[in-house]
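Step one of this worksheet: look at the structure below.
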Amino acid sequence: MIDKRVAGPAEAVSDIPDGASIAVGGFGLSGNPTALIEALLEQGTANLSVVSNNCGVDDWGLGVLLRAHRIRKMTSSYVGENKEFERQFLSGELELELTPQGTLAEKLRAGGAGIAAFYTQTGVGTQVAEGGLPRRYDGAGGVAVASAPKDVRVFDVAGSAKEFVLEEAITTDFSLVHARRGDRHGNLVFAKAARNFNPLAAMAGRVCIAQVEELVEPGELDPDAVHLPGVYVHRVVEVGTGIEKRIERRTITAEGQ
Numbered sequence: 174m175i176d177k178r179v180a181g182p183a184e185a186v187s188d189i190p191d192g193a194s195i196a197v198g199g200f201g202l203s204g205n206p207t208a209l210i211e212a213l214l215e216q217g218t219a220n221l222s223v224v225s226n227n228c229g230v231d232d233w234g235l236g237v238l239l240r241a242h243r244i245r246k247m248t249s250s251y252v253g254e255n256k257e258f259e260r261q262f263l264s265g266e267l268e269l270e271l272t273p274q275g276t277l278a279e280k281l282r283a284g285g286a287g288i289a290a291f292y293t294q295t296g297v298g299t300q301v302a303e304g305g306l307p308r309r310y311d312g313a314g315g316v317a318v319a320s321a322p323k324d325v326r327v328f329d330v331a332g333s334a335k336e337f338v339l340e341e342a343i344t345t346d347f348s349l350v351h352a353r354r355g356d357r358h359g360n361l362v363f364a365k366a367a368r369n370f371n372p373l374a375a376m377a378g379r380v381c382i383a384q385v386e387e388l389v390e391p392g393e394l395d396p397d398a399v400h401l402p403g404v405y406v407h408r409v410v411e412v413g414t415g416i417e418k419r420i421e422r423r424t425i426t427a428e429g430q
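Counted from 1, the sequence shown has number 359 at position 186 by our numbering; the numbering is strictly sequential.
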């Protein structure tokens, strides 16, 4: 029997070294593996290359690692909601590989499936394919590093010739994800919107670490309800159902309106 439980978040991330690449689940603040991120912060790990849809907010999620200057490079599709991200990027302190959201999802999925690269129409005719997107600024308003051109080929699709751009898959040293439930074998169930990038990030990491709100015994999860099989997961840590969760902006309507 394979028991993938670890005692706590600190133990789960203890072997993540400086300079590691990490895929992190979440969309906005939904489904962020905050306990694992906080443990990584406390551990002092630095010079990280992080792949995630976004970088949290200034004081939550990946934003706490960014604020502590622990992240060297972000590969993301959305970089709003975080003033410190903007400051570090424009000042030349942070490298950014901006990637279309669907392309980022497929790059992670392909990496986990062992597919080296794929062609997509997304980005054709733009700087995504043609190159020139700023990846690092020089701190004086100039571009120090820009994206390179990508291979573009023409394929026949339903009798029509169309251009496609080549995108390489993403694999990382580690991945950090959050799930609603999991068992000791690493099978995971995600809750609603928290499913987002979590399964894809999990697949892409050579070592996947999952924090779960509720840890159950093997056989307690309905096999048809499992969103990610345990073959992709290497460590599981229970963080409890009372873990704090946040949203970017709370919008309410006055009573009677």
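Glycine included, each C-beta is placed from N, C-alpha and C at the ideal position.
- prompt: Contact between the segment 200 to 210 and the segment 223 to 240: three or more CB pairs below 8 Å?
  reply: yes
Cβ-Cβ distance between isoleucine 162 and leucine 349 below 8 Å: Given that the chain is displayed from residue 174 to residue 430, the structure contains no residue 162 and the question cannot be resolved.
Same chain only: Cβ atoms within 6 Å of alanine 212, ignoring 5 sequence neighbours per side: Pro182, Ala183, Val186
task: Taking all protein chains shown into account, decide if histidine 351 is buried (16 or more other Cβ within 10 angstroms of its Cβ) or exposed.
output: The residue is buried, with at least 16 neighbouring Cβ atoms inside 10 Å.
query: By the 10 Å Cβ neighbour count, where 16 or more other Cβ atoms means buried, how is serine 333 classified, buried or exposed?
result: exposed
Local conformation of threonine 276 per DSSP, three classes: Three-state result, threonine 276: helix.
- request: Determine the burial state of glutamine 294: buried for a count of at least 16 other Cβ atoms within 10 Å of its Cβ, exposed for fewer.
  value: exposed
- prompt: What are the start and end residues of each continuous beta strand (DSSP E) run of 3 or more residues lying completely inside the segment 200 to 246, in chain order?
  reply: 221 to 224
Glutamine 128, enclosing beta strand (DSSP E) - first and last residue: Past the boundaries of the shown model lies residue 128; the chain is included only from 174 to 430, so the question cannot be answered.
query: CB-CB under 7 Å to glutamate 205, same chain, minus the five flanking residues each way: which ones, in chain order?
result: This sequence places asparagine at residue 205; glutamate is not what is there. Gly199, Gly229, Gly234, His351.
- prompt: Nearest CA to the CA of proline 322: which residue from Phe328, Leu339, Glu393, Asp311?
  reply: Leu339
- prompt: Would you call the segment 381 to 389 and the segment 402 to 417 in contact, with 3 or more CB pairs under 8 Å?
  reply: yes
- prompt: Three or more beta-carbon pairs under 8 Å between the segment 310 to 328 and the segment 355 to 375, yes or no?
  reply: no
query: Do you know offhand how far alanine 383's Cα is from leucine 269's?
result: 25 Å
field: Beta carbon of alanine 290 nearer than 8 Å to that of glutamate 341
entry: yes
task: Determine the extent of the beta strand (DSSP E) in which lysine 335 is found, giving its start and end residues.
output: 333 to 341
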